[in-house]
Amino acid sequence: MLQVPYLRENTEKALSSLAKRNKDFSATVESIISVDESRRKLQNELDNLLAESNKISKIIGDLFKEGKREEADGMKARTTEIKEECKGVETNLSQLEEELKQLLYLVPNVPHESVVFGKGAEENEVVYSSGDITALGESKLPHWELCEKHKLIDFELGVKITGAGFPVYIGKGARLQRALINFFLEEAMKAGYTEHQVPHLVNEASGYGTGQLPDKEGQMYHVGVDDLYLIPTAEVPLTNLYRDVLLKEEQLPIKLTGYTPCFRREAGSYGKDVRGLNRLHQFDKVEIVQLSKQEDSYALLEDMVNHVKGLLNKLELPFRILRLCGGDMGFTSSLTFDFEVYSAAQERWLEVSSTSNFETFQANRLKCRYKGADGKTQLVHTLNGSALALPRIVAALLENHQDENGVRIPQALVPYCGFERI
RNA sequence: GGAAAGGUGGGUGAGUGGCUGAAACCAACAGUUUGCUAAACUGUCGUACGGGAAACUGUACCGGGGGUUCGAAUCCCCCCCUUUCCGCCA
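Set out below in structure tokens:
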């Protein structure tokens, strides 16, 4: 959620940046500013009424002590009057506050200056690419066929016990999952991230904290009886560890990592793009999260991008990095880099990581702040990235490293797997 | 699921309807002392929204929401959460 004073003082700048999202927010922002102005006016009115009432109450108290009971009783009339007036003002005020909140929920984060205008995914900029597109022979197979051939994943079984999008990993397929999770966690640990095992269900407040609520309510599985949500990413519990927290400057940056399964309803997506491992309702992911001082966040974003680069290089996968254009960027993000791995057998790019700086957008709702050297309290910047999500990595590994004898496991992963080939 | 006890500032924790935005202690910050560190001493020290160039100042906030009262952290009602005991259980 953006901060009203920011919008008020930087209206032009905010609007021109927001326009990069290929949507016009000027009407909403204008409403925010004008509603807030009315709000402040009413607040002032109320404050003055209350100030008067407080003053009178104090005098009455003093009169009572002096035993001037009648004089005191005489003053009560005015406070009753004030109370009536306050009621009206309060009602209007809370209405305006609610209105303001709803309006603020509509405005996404202001894109970073490096973000370009764009309507959608086609306009994302490739800012880096690494590795050659793997040349595969005629016998190349997509991962879903490789999975069947080598008995790594049984999609049908998953359908039976749960439904589509809930695969069952078997044998070397299961061990590969475990190996990847451990590999990613170890690498994150070496890079200074502290591993956390967090709950896989979160409450409503956490959903609001990181911005999944109210914007993406339908994307999360909701456990009605207990009013809890299954996490769509470890970002939610990890970042919310620092909800309502006042940090000291020297504690920053805070670097967190964790493995969790992720649950996404993915309502409305069907077809060939979601075949096999390309899109699932449940998948595994290792997430990295940072909380930082405002002035450091973009350097740290760079570090996170480099960390993910390192992982993909060790897995010997060809990939590219995209800087998302305004139209394709998530609601809460200021700047996002997507990582895509080329899948030679499917002949398409698969998104395997999304690494973003949210600046103060999440921190504002989270109320995660720190006290700077100057004694001033300010919001932290939050960042996160997938490092990495498993299913498409598995797809890419299987497809890119297949040969006539099966599938080769990249060297870096062998110690974690315990086998060199599938 | 049943019973009981609790929820107060960055932390611990007092708090009799008005002198309580809130004692005390810890932490933090500034200073004095000191060869350095430590200790000791002195002072400062909550958050949010307003007004003001500033000093300063108004209001709100003691889990959340209502109510009683001229006046509520304090009394009443509802809700939420935590802890402990019992039950169930990996």
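All residue numbers for the first sequence refer to the working numbering, where the first residue is 122 and numbers rise by one. All C-beta atoms in this analysis are idealised placements derived from N, C-alpha and C, irrespective of residue type, glycine included.
Taking 4 residues as the minimum length, the alpha helix (DSSP H) runs contained wholly in the region 243-278 are 264-270, in order along the chain. Apart from the 5 residues on each side of it in sequence, alanine 312 sits with its Cβ closer than 7 Å to the Cβ of His428 in its chain, given in chain order.
Under the DSSP assignment, glutamine 411 falls in the beta strand (DSSP E) whose first and last residues are 403-413.
According to DSSP, glycine 286 shares a beta bridge with no other residue.
Nearest Cα to histidine 264 within the set Phe384, Val395, Leu224 and Ala326: Val395. Taking 8 Å as the cut-off, the beta carbon of leucine 443 is found no closer than this to the beta carbon of asparagine 478. In this structure, DSSP gives cysteine 383 an extended state, which the three-state scheme calls strand. The beta carbons of threonine 283 and glutamine 483 sit about 31 Å from each other, so the pair does not count as a contact at 8 Å. Scanning its chain for C-beta atoms nearer than 6 Å, with the 5 sequence neighbours on each side dropped, one finds no residue around asparagine 434.
Here DSSP, grouped into helix, strand and coil, assigns isoleucine 154 to helix.
Taking the C-beta atoms as reference points, cysteine 446 is found no nearer than 8 Å to glutamate 234. Secondary structure note for glutamine 216: its alpha helix (DSSP H) is the uninterrupted segment 190-227. In the three-state reduction of the DSSP assignment, threonine 149 falls in the helix class. Boundaries of the beta strand (DSSP E) around arginine 469: 469-480. Under the DSSP definition of a beta bridge, isoleucine 352 lacks any partner. Under the three-state reduction of DSSP, histidine 522 is assigned to coil, being neither helix nor strand. In this structure, isoleucine 181 keeps its C-beta atom at 8 Å or more from the C-beta atom of arginine 199.
Under the 8 Å Cβ criterion, the region 247-263 does not count as touching the region 448-457, having fewer than three qualifying pairs. Considering only His502, Lys186, Thr498 and Thr457, the residue with the shortest C-alpha distance to glutamate 480 is His502. Beta bridge pairing from DSSP links lysine 376 with Gln411. DSSP places glutamine 499 in the strand class (E or B) of the three-state scheme. Counting only the Cα atoms, lysine 240 lies some 13 Å from leucine 139. If the five residues before and after leucine 225 are omitted, its C-beta is found closer than 6 Å to the C-beta atoms of Met122, all from its own chain and listed in chain order.
Residues Leu436 and Glu437 of the same chain have their beta carbon placed closer than 6 Å to that of proline 531, with the five preceding and five following residues left out of the count. CA-CA distance, asparagine 324 to leucine 349, rounds to 5 Å. Three or more Cβ pairs closer than 8 Å define a contact, and the region 397-406 meets that threshold against the region 503-517. Cα atoms of lysine 179 and glutamate 191: separation of roughly 16 Å, rounded to the nearest angstrom. In the three-state reduction of the DSSP assignment, asparagine 324 falls in the coil class. Judged by their CB atoms, isoleucine 274 and isoleucine 302 are not nearer to each other than the 8 Å cut-off. The beta-carbon distance between tyrosine 363 and leucine 471, rounded to whole angstroms, is 32 Å. This is too long to meet the 8 Å contact definition. By alpha-carbon distance to asparagine 230, the top candidate from Val462, Phe146, Tyr342 and Arg542 is Phe146. Collapsing the DSSP output to three states places threonine 315 in a strand.
Here the alpha carbons of glutamate 356 and alanine 466 stand approximately 31 Å from one another. Nearest Cα to phenylalanine 460 within the set His321, Asp424, Asn399 and Ser474: Ser474. Taking a contact to require three or more Cβ pairs closer than 8 Å, the region 158-178 and the region 203-219 qualify as touching. Between proline 374 and histidine 321, the C-beta spacing is not below 8 Å.
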